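Asks: Have a look at this one.
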Amino acid sequence: MTKTTNERELALAVLLSVLKEGAPAHLALRNILEKYQYIDKKERAFVTRVVEGTLEHLIEIDYIIDQFSKVKSAKMKPVICMILRISVYQMKYMDHVPDSAVCNEAVKLAKKKGFQSLAGFVNGVLRNIGRNLSSITYPKEPKSLCWSVQYSMPEWIIDKWLLAYSEDTVETILQDIQREKPTCIRFDPDKISKADLTNRLLAEGVEKAEEHPLLPYALLISGYDYLGFLESFEEGLFYVQDASSMMAVESLPVKSGDYIIDVCAAPGGKALHAAEKLAGTGHVEARDLTEYKVGLLKENIERCGMRNVEAVRMDALVYDEASCEKADIVIADLPCSGLGVLSGKKDIRYRMTEKQTTELSQLQRKMLSVVKDYVKPGGCLLYSTCTINREENEENTAWFLGEYPEFVLEKEKQYLPGIDPCDGFYLAVLKKQES
Ligand SMILES: C[S@@+](CC[C@H](N)C(=O)[O-])C[C@H]1O[C@@H](n2cnc3c(N)ncnc32)[C@H](O)[C@@H]1O
Numbered sequence: 001m002t003k004t005t006n007e008r009e010l011a012l013a014v015l016l017s018v019l020k021e022g023a024p025a026h027l028a029l030r031n032i033l034e035k036y037q038y039i040d041k042k043e044r045a046f047v048t049r050v051v052e053g054t055l056e057h058l059i060e061i062d063y064i065i066d067q068f069s070k071v072k073s074a075k076m077k078p079v080i081c082m083i084l085r086i087s088v089y090q091m092k093y094m095d096h097v098p099d100s101a102v103c104n105e106a107v108k109l110a111k112k113k114g115f116q117s118l119a120g121f122v123n124g125v126l127r128n129i130g131r132n133l134s135s136i137t138y139p140k141e142p143k144s145l146c147w148s149v150q151y152s153m154p155e156w157i158i159d160k161w162l163l164a165y166s167e168d169t170v171e172t173i174l175q176d177i178q179r180e181k182p183t184c185i186r187f188d189p190d191k192i193s194k195a196d197l198t199n200r201l202l203a204e205g206v207e208k209a210e211e212h213p214l215l216p217y218a219l220l221i222s223g224y225d226y227l228g229f230l231e232s233f234e235e236g237l238f239y240v241q242d243a244s245s246m247m248a249v250e251s252l253p254v255k256s257g258d259y260i261i262d263v264c265a266a267p268g269g270k271a272l273h274a275a276e277k278l279a280g281t282g283h284v285e286a287r288d289l290t291e292y293k294v295g296l297l298k299e300n301i302e303r304c305g306m307r308n309v310e311a312v313r314m315d316a317l318v319y320d321e322a323s324c325e326k327a328d329i330v331i332a333d334l335p336c337s338g339l340g341v342l343s344g345k346k347d348i349r350y351r352m353t354e355k356q357t358t359e360l361s362q363l364q365r366k367m368l369s370v371v372k373d374y375v376k377p378g379g380c381l382l383y384s385t386c387t388i389n390r391e392e393n394e395e396n397t398a399w400f401l402g403e404y405p406e407f408v409l410e411k412e413k414q415y416l417p418g419i420d421p422c423d424g425f426y427l428a429v430l431k432k433q434e435s
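Its first residue numbered 1, the sequence shown is counted upward by one per residue in UniProt numbering.
Laid out in structure tokens, this is it:
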């Protein structure tokens with residue numbers, strides 16, 4: 001087996017686990033890169049690029065395959081379909097890989113995976129695509145179909161956004177989602193200065209580290225292999241988090257000594273950020289539903305060396321009498337459709353359905369009506385999601401204010417990808433009146 005085949009085989013394994021078994025892409029990719037730590041930086045970059053690129057262009061790739069294959073992609077054996085997909089991605093988007101090499105490797109991989117009898121089919125479809133790639137015609141209308149193929153976004157999502165935002169805004173969002181972006185990290189200026197952290201990162205092999213335009217304690221970094229390998233990460237000197245998500249805690253009136261409950265806290269971005277704002281005082285109770293999630297919280301608390309935050313297993317849907325009117329701040333960063341973070345999590349768009357977004361908005365309402373009681377009079381409830389779906393955001397906040405007039409809206413902001421310099425994110429700060 002050649003090294004090249006090996007990389008494609010790893011990409012194939014990740015994509016099958018994502019698109020066939022429903023594993024989240026970032027976790028499936030991380031697991032395989034951790035398992036194959038011995039492969040070099042270039043090979044790891046190839047696997048990452050093929051996985052992310054194939055997901056990013058999946059609808060377009062299937063459209064291309066379906067132009068040249070009698071058996072449509074939806075009807076193919078999953079392994080064969082996925083081999084064709086990663087191959088079309090390389091042919092269309094990786095100029096340095098010759099089409100003939102892509103075809104040969106695809107045929108070898110099909111045989112290796114036990115599909116000897118379909119090797120000719122794979123070869124025929126790919127050679128045909130290779131010959132005609134530059135003359136493929138794309139749909140021109142309706143807009144949602146045209147953009148669906150161009151930006152590989154399911155049509156129902158585009159239709160939903162077109163109802164909420166202008167055409168220009170929707171196209172800006174779609175373009176931004178396809179753009180390659182640096183990773184955003186948060187650091188605690190009380191622990192390390194920006195200059196010292198930047199120097200550490202550059203010394204550890206990160207190519208670029210720049211201040212984020214929204215926040216002085218956020219850096220945009222790029223040109224690294226795997227963050228988990230960096231000593232500065234292991235030492236807890238930074239936390240990977242988008243700036244929009246940092247704006248949630250940044251919008252809160254956190255003061256020394258506050259008691260804060262984060263009802264859906266894992267993996268801990270906002271809980272740890274709030275604990276940092278407390279500067280060693282007060283207490284953050286970081287809750288989540290399962291032992292696994294509480295484990296993730298504990299890992300991050302430990303790595304960041306925080307003492308004023310504690311991970312607790314608790315169901316946000318079940319009323320906790322002991323918390324009634326105890327918290328200065330309740331953070332409700334609730335499960336959502338994730339349609340604001342499609343740039344980093346490229347697979348969400350293929351998993352989420354319209355029906356699920358409605359179910360999620362109902363779930364969010366239920367959670368809010370339970371956890372609102374934990375806020376002290378005069379305290380605040382933060383409601384946030386990483387989606388740009390109005391039903392889960394502004395509409396839920398309007399519903400909440402109608403149901404619970406003891407709360408008033410202090411702040412509300414919808415960040416949009418491409419319009420704001422960050423992911424899509426929604427936040428509402430709701431203050432509970434004193435009387
Ligand atoms: C958007 S994520 C939270 C992200 C987190 N606030 C952060 O900043 O890192 C939503 C979380 O809600 C948790 N969750 C889902 N249902 C829950 C429930 N019934 N009770 C508590 N947590 C729940 C999920 O496990 C997930 O970790």
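C-beta atoms are modelled at their ideal positions from N, C-alpha and C, and glycine is treated no differently.
Remember, it's a predicted structure, so these values are computed and weren't measured experimentally.
Which residue wins for smallest C-alpha separation from Leu252, given the options Glu391, Val429 and Ser117?
Replies: In the sequence shown, the residue the question calls residue 252 occupies position 252. Nearest in C-alpha terms to Leu252, of all of Glu391, Val429 and Ser117, is Val429.
Asks: For ligand 1, is there any heavy atom lying closer than 7 Å to the beta carbon of Arg287?
Replies: Translated into the one-based positions of the sequence shown, residue 287 becomes position 287. Yes, the Cβ of Arg287 comes within 7 Å of a heavy atom of ligand 1.
Asks: Using only CA atoms, which one of Glu211, Lys326, Ile39 and Glu291 lies nearest to Tyr259?
Replies: By 1-based counting over the sequence shown, the position of residue 259 is 259. Selected option, being the one with the closest Cα: Lys326.
Asks: In terms of residue numbering, what span does the alpha helix (DSSP H) encompassing Gln90 cover?
Replies: Mapped onto the sequence shown, residue 90 falls at position 90. Taken as a continuous stretch (DSSP letters only), the alpha helix (DSSP H) holding Gln90 covers Pro78 to Tyr93.
Asks: Comparing the CB of Cys386 with every heavy atom of ligand 1, is any distance shorter than 7 Å?
Replies: As a first step, residue 386 is located in the sequence shown; it is residue number 386 there, counting from the start. Because some heavy atom of ligand 1 lies under 7 Å away, the Cβ of Cys386 counts as near it: yes.
Asks: So for Cys324, helix, strand or coil by DSSP?
Replies: Here residue 324 refers to the residue found at position 324 when the sequence shown is read from its first residue. Residue state, collapsed to three classes: coil.
Asks: Under 7 Å: does the beta carbon of Ala316 sit that close to some heavy atom of ligand 1?
Replies: The residue labelled residue 316 in the question sits at position 316 within the sequence shown. Between ligand 1 and Ala316, a heavy atom-to-CB distance of less than 7 Å is present.
Asks: Quick one: what does DSSP say Thr397 is sitting in, helix, strand or coil?
Replies: Position 397 of the sequence shown, counted from the start, is the residue given in the question as residue 397. Collapsing the DSSP output to three states places Thr397 in a helix.
Asks: Name, in chain order, the residues that DSSP records as bridge partners for residue 436.
Replies: With the chain running from 1 to 435 in the structure shown, residue 436 is simply not present.
Asks: Check each candidate in Val240, Ala106 and Ile158 and name the one with the smallest Cα separation from Thr172.
Replies: Translated into positions along the sequence shown, residue 172 becomes position 172. Among Val240, Ala106 and Ile158, the Cα nearest to that of Thr172 belongs to Ile158.
Asks: With three or more C-beta pairs closer than 8 Å as the rule, is the stretch 270-280 touching the stretch 186-204?
Replies: yes
Asks: Report the three-state DSSP secondary structure of Val71 (helix, strand or coil).
Replies: By 1-based counting over the sequence shown, the position of residue 71 is 71. Residue state, collapsed to three classes: coil.
Asks: Report the rounded CA-to-CA distance for Ser343 versus Gly53, giving the unit in angstroms.
Replies: Locating residue 343 in the sequence shown gives position 343, counting from the first residue. Locating residue 53 in the sequence shown gives position 53, counting from the first residue. Computed Cα separation, rounded: 11 Å.
Asks: Per DSSP, Val429 is paired with what?
Replies: For the purposes of this step, residue 429 is taken as the residue at position 429 of the sequence shown. BP columns for Val429 point to Leu382 and Lys411.
Asks: Using only CA atoms, which one of Gly424, Val125, Lys112 and Val107 lies nearest to Ala119?
Replies: For the purposes of this step, residue 119 is taken as residue 119 along the sequence shown, with counting starting at 1. Here the closest residue by C-alpha is Val107.
Asks: Quick check: Val371 and Val330, are their CB atoms within less than 8 Å of each other?
Replies: Sequence index remark: in the sequence shown, residue 371 carries index 371 (1-based). Sequence index remark: in the sequence shown, residue 330 carries index 330 (1-based). Here Val371 is near Val330, since their CB atoms are less than 8 Å apart.
Asks: To the nearest angstrom, how far is it from the Cα of residue 437 to the Cα of Thr183?
Replies: Shown here, the chain extends from 1 to 435; a query on residue 437 therefore has no answer.
Asks: Rank Asn123, Lys111, Ser117 and Val71 by C-alpha distance to the C-alpha of Val88 and give the top, closest one.
Replies: By one-based count along the sequence shown, residue 88 stands at place 88. Measuring from the Cα of Val88, the nearest candidate turns out to be Asn123.
Asks: Given a cut-off of 8 Å on the beta-carbon distance, is the pair Ser323 and Gly282 in contact?
Replies: In the sequence shown, counting from the first residue as 1, residue 323 sits at position 323. In the sequence shown, counting from the first residue as 1, residue 282 sits at position 282. For Ser323 and Gly282, no; Cβs fall outside 8 Å.
Asks: In this structure, how does DSSP classify Leu15 when only helix, strand and coil are distinguished?
Replies: Sequence index remark: in the sequence shown, residue 15 carries index 15 (1-based). In this structure, Leu15 counts as helix in the three-state DSSP scheme.
Asks: Among Val284, Asp288, Cys103 and Glu392, which one has its Cα closest to the Cα of Ala164?
Replies: Residue numbering aside, residue 164 sits at position 164 when the sequence shown is read from its first letter. Measuring C-alpha to C-alpha distances from Ala164 to each of Val284, Asp288, Cys103 and Glu392 identifies Glu392 as the nearest.
Asks: Would you decide whether Asn132 is buried or exposed? Buried here means 16 or more other CB atoms lie within 10 Å of its CB.
Replies: By one-based count along the sequence shown, residue 132 stands at place 132. Exposed, by the Cβ-count rule.
Asks: How long is the line joining the alpha carbons of Leu16 and Met306, rounded to whole angstroms?
Replies: As a working note, residue 16 is residue 16 in the sequence shown. As a working note, residue 306 is residue 306 in the sequence shown. Rounded to whole angstroms, Leu16 to Met306 spans 38 Å at the Cα level.
Asks: If you draw a straight line from the C-alpha of Leu58 to the C-alpha of Gly280, how long is it?
Replies: Numbered from 1 along the sequence shown, position 58 holds the residue referred to as residue 58. Numbered from 1 along the sequence shown, position 280 holds the residue referred to as residue 280. Near 47 Å, if we compare the C-alpha coordinates of Gly280 and Leu58.
Asks: Quick one: measure Cβ to Cβ for Ala332 and Val263, integer angstroms, because I've assumed they're closer than 8 Å.
Replies: For the purposes of this step, residue 332 is taken as residue 332 along the sequence shown, with counting starting at 1. For the purposes of this step, residue 263 is taken as residue 263 along the sequence shown, with counting starting at 1. Confirmed, about 5 Å.
Asks: Since Asn396 and Gln364 are thought to touch, with beta carbons under 8 Å apart, how far apart are those beta carbons, to the nearest angstrom?
Replies: Numbered from 1 along the sequence shown, position 396 holds the residue referred to as residue 396. Numbered from 1 along the sequence shown, position 364 holds the residue referred to as residue 364. Indeed, because the Cβ distance is near 5 Å, the residues count as touching under 8 Å.
Asks: Just tell me which of Arg49, Gly379 and Trp156 has its CA closest to the CA of Arg351.
Replies: By one-based count along the sequence shown, residue 351 stands at place 351. Residue Trp156 is the option with its Cα nearest to Arg351.
Asks: Please say whether Phe46 and Val125 have beta carbons closer to each other than 8 Å?
Replies: For the purposes of this step, residue 125 is identified with residue 125 of the sequence shown, where counting begins at 1. For the purposes of this step, residue 46 is identified with residue 46 of the sequence shown, where counting begins at 1. No.
Asks: Taking 7 Å as the line, does the beta carbon of residue 437 fall inside it for any heavy atom of ligand 1?
Replies: This structure cannot speak to residue 437, because the chain is shown only from 1 to 435.
Asks: Give the DSSP bridge partners of Thr183, in chain order.
Replies: Along the sequence shown, one-based indexing puts residue 183 at 183. Note: Thr183 sits in a beta bridge opposite Ile221.
Asks: Going by DSSP, what residues sit across from Arg313 in a beta bridge?
Replies: Taking the sequence shown and counting its residues from 1, one reaches residue 313 at position 313. Paired residues: Asp288.
Asks: Compare the Cα-Cα distances from Gly268 to each of Val79, Glu302 and Lys181 and report the closest residue.
Replies: Taking the first residue of the sequence shown as position 1, residue 268 is located at position 268. It is Glu302 whose Cα lies nearest to the Cα of Gly268.
Asks: Buried or exposed: where does His212 fall if 16 or more other Cβ atoms within 10 Å of its Cβ makes it buried?
Replies: Counted from its first residue, the sequence shown places residue 212 at position 212. Answer is buried; the Cβ neighbour count reaches 16.
Asks: I'd like to confirm something about Cys264: is its beta-carbon nearer than 7 Å to some heavy atom of ligand 1, or not?
Replies: One-based indexing of the sequence shown puts residue 264 at position 264. Indeed, a heavy atom of ligand 1 lies less than 7 Å from the Cβ.
Asks: Can you tell me the Cα-Cα spacing of Ala97 and Val50, whole angstroms?
Replies: If you number the sequence shown from 1, residue 97 lands on position 97. If you number the sequence shown from 1, residue 50 lands on position 50. Residue identity check: residue 97 is Val in the sequence provided, not Ala. Rounded to the nearest angstrom, the two C-alpha atoms are 12 Å apart.
Asks: What is the DSSP secondary structure of Val254, counted as helix, strand or coil?
Replies: Numbered from 1 along the sequence shown, position 254 holds the residue referred to as residue 254. The answer is coil: DSSP assigns Val254 none of H, G, I, E or B.
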